[in-house]
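Residue numbers (the working numbering): 4 to 400. Glycine residues also receive a C-beta, built at the ideal position from the N, C-alpha and C atoms. Computed from a predicted model, the values in this text were never measured in an experiment.
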Ligand SMILES: C[S@@+](CC[C@H](N)C(=O)[O-])C[C@H]1O[C@@H](n2cnc3c(N)ncnc32)[C@H](O)[C@@H]1O
Ligand SMILES: [Zn+2]
């Protein structure tokens, strides 16, 4: 057990530490506290060090945007303690950040943090509802390169309004902590929040990302816009997607349904015209159908490669570069994955070794990769029956 500032640190994970809330923390180049003063009743900002990966990826993407466009004006609509404005400014080179936080009790800590790390003419702090902020931007024709919505629950109530405040070509970063809904445990709510039916199956972590992107794509389409995912990440409990908002025609082929056969375990995709005649392509059983959702790429492979190069240049930890490598691999794969445990259960055998299984599937001229969504899963265009056969042969060999 370690002692810092007279307080005990428990375990290795920073979130479990009992740091005084007024203590200075560091993440990237940002130094900040999550509360101002030690007085009882002091408002404490919501901050999780375990969410750093989502902020790291956003900073990389923002920095590349800044390099490409020569400018970066950001709205951080739900800023908490202000760690994101600090990082967008200090690391990604944002020349101006609007830091908004709905809770006015966080004013003291937020302004102290930004005052410490940013010049006065590089930011603005407000305390209003995020939707009001987006409306006022639209009214003043004040459009932004990056809008970050780090909400609790689902961000869908803010997507449409954010689209009124974003520049063409700009980046919209959405966070959802609503995994219960997107994993098929709250069907009515999935229809309410995503305009889609979310059913339960072995690839629900990916479904959470695809429902979120699909919702943004649909909302953008009503305005004549088109979205392109830059990156998508699921970190074990939270779904985050960064999408680019562009002008373009509606891409029907990327918006459809994911069907899962509980009988034989095979996934398939379907478009709107196939609804009503859907059967499992292997055994003919009626599958459970989720959607509509985004069926296109989860990431922009070229952008991911640039992010990886920048992470390398900045000497960021290897694990982040490994994550980006896996994200790059999975970009062009089908919109689902097979957990190894599911392969073991279906084949009534021990769980096969992931990398050997991937190699053998590729030897058979199918595509197969790891996935960042589950380290114990594979993505492949091989039918599940082929995966089972290969997994069995691996055990026999
Ligand atoms: C998940 S926390 C933000 C954490 C912060 N972005 C970070 O990375 O550490 C969400 C914040 O949004 C604020 N919030 C919730 N609803 C809001 C709304 N409708 N408009 C503006 N802020 C809101 C909450 O007070 C809370 O501080
Ligand atoms: Zn089947």
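Item                                                                                                       : Value
Assigned secondary structure, residue 334 (DSSP; H/G/I helix, E/B strand, else coil)                       : coil
Beta strand (DSSP E) runs contained entirely in the region 155-220, provided each spans 3 or more residues : 169-179
Assigned secondary structure, residue 107 (DSSP; H/G/I helix, E/B strand, else coil)                       : helix
Heavy atoms of ligand 2 versus C-beta positions, residues under 6 Å                                        : 264, 266, 267, 269, 283, 285, 286, 288
Status (buried if at least 16 other CB within 10 Å, exposed otherwise) for residue 116                     : buried
Test item: CB-CB of residue 242 and residue 261 under 8 Å                                                  : no
Residue 237 Cβ short of 7 Å to ligand 1 heavy atom set                                                     : no
Close Cβ partners of residue 97 (< 6 Å) along its chain, the five nearest in sequence each way excluded    : 75, 77, 91
Coil, strand or helix - residue 375 by DSSP                                                                : coil
Cα-Cα separation, residue 363 to residue 389                                                               : 10 Å
Distance cut-off 7 Å: residue 49 Cβ against heavy atoms of ligand 1                                        : yes
Contact test: residue 80 Cβ vs ligand 1 heavy atom, cutoff 7 Å                                             : yes
Segment limits, alpha helix (DSSP H) that includes residue 71                                              : 55-72
Rounded C-alpha distance that separates residue 323 from residue 167                                       : 33 Å
Identity of the residue in 102, 143, 288 nearest residue 152 by Cα                                         : 102
Bridge partner(s) assigned by DSSP for residue 243                                                         : 178, 236
Where residue 386 sits in the DSSP three-state scheme                                                      : coil
Residue 358 - DSSP class collapsed to helix/strand/coil                                                    : helix
Bounding residues of the alpha helix (DSSP H) (the contiguous stretch that carries residue 344)            : 343-350
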